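K.L.:
Here the numbering used here is used: the first residue of the sequence shown is 10, the next is one more, and so on.
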Amino acid sequence: MANTETSLKEASSIEGFIGAALVDYTSGMALGTLGGGKDLDLTVAAAGNTDVVRAKVRTMEMLGIQEEIEDILITLGSQYHLIRLLKSRGSNGLFLYLALAKDRANLAMARHQLKKIEAELDV
10 MANTETSLKE
20 ASSIEGFIGA
30 ALVDYTSGMA
40 LGTLGGGKDL
50 DLTVAAAGNT
60 DVVRAKVRTM
70 EMLGIQEEIE
80 DILITLGSQY
90 HLIRLLKSRG
100 SNGLFLYLAL
110 AKDRANLAMA
120 RHQLKKIEAE
130 LDV
C-alpha cells in the first residue's frame, strides 16, 4: 500500500505530467500536491475542481443515475485535466487530480495508471 506522497510521485511519472493533487472534496483541501508551479496553482485547482465534483455528484443524484463516476475529463487547448474519484478502502470523499500536457500525454494510459495508483493508495 502506498501513502499520499508515494502515490503523487507515481503520478509524476505519467507521460506529460504537469501536476497532481490528492483532494478531499468534502472540504476542498489538497491533502498533498506535486508539481504545478507558477502556471498551475494546485491549491486553487483543488478547490475549484471540488466544485466540479460536487456539481457532477449532485447532477447524477438528480438524474437518478446509480452508477459511480470513474473520472471527469476537462480538455483544454494544450492540457488534459483528469479527476479520478477514489473508491478504494478508506478513500471515500477523495479524488486524484492530474494535469497533463496534451502534446506529450497518452490519455488512455494516464487513466490506466491513475486506476493503478488508486488501487495501491492507502489513506
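No residue lacks a Cβ here, since even glycine has one placed at the ideal position from N, Cα and C.
This one's a predicted model, so the numbers in the text were calculated from it and none came from an experiment.
Given a threshold of 16 other Cβ atoms within 10 Å of its Cβ, counted over all protein chains shown, does H90 qualify as buried or as exposed?
P.N.:
buried
K.L.:
Checking 9 Å against the spacing of the C-beta atoms, do L103 and E79 come in under that value?
P.N.:
no
K.L.:
CA-CA distance, V66 and L82?
P.N.:
14 Å
K.L.:
What would DSSP say about A114, mapped onto helix, strand or coil?
P.N.:
coil
K.L.:
With a floor of 4 residues, list each alpha helix (DSSP H) that falls wholly inside the stretch 22-102, ordered by position along the chain.
P.N.:
Listed in chain order, the complete alpha helix (DSSP H) runs (minimum 4 residues) inside the stretch 22-102 are 51-72.
K.L.:
Which residue wins for smallest C-alpha separation from G25, given the options L109, M69, K125?
P.N.:
L109
K.L.:
Classify S16: buried if its beta carbon has 16 or more other beta carbons within 10 angstroms, exposed otherwise.
P.N.:
buried
K.L.:
Just to check my reading of the structure: T42 and A30 have Cβ atoms closer than 8 Å, yes? What is that Cβ distance to the nearest angstrom?
P.N.:
4 Å
K.L.:
Using only alpha-carbon positions, find the residue among I74, M69, K111 that is nearest to T84.
P.N.:
K111
K.L.:
Could you check where the alpha helix (DSSP H) with L17 kicks off and where it finishes?
P.N.:
13-20
K.L.:
Going by C-alpha to C-alpha distance, which of R120, T52, E127, D50 sits closest to N101?
P.N.:
E127
K.L.:
Can you tell me the Cβ-Cβ gap for E76 and K96, rounded? I've got them flagged as a contact below 8 Å.
P.N.:
That pair is no contact at about 12 Å.
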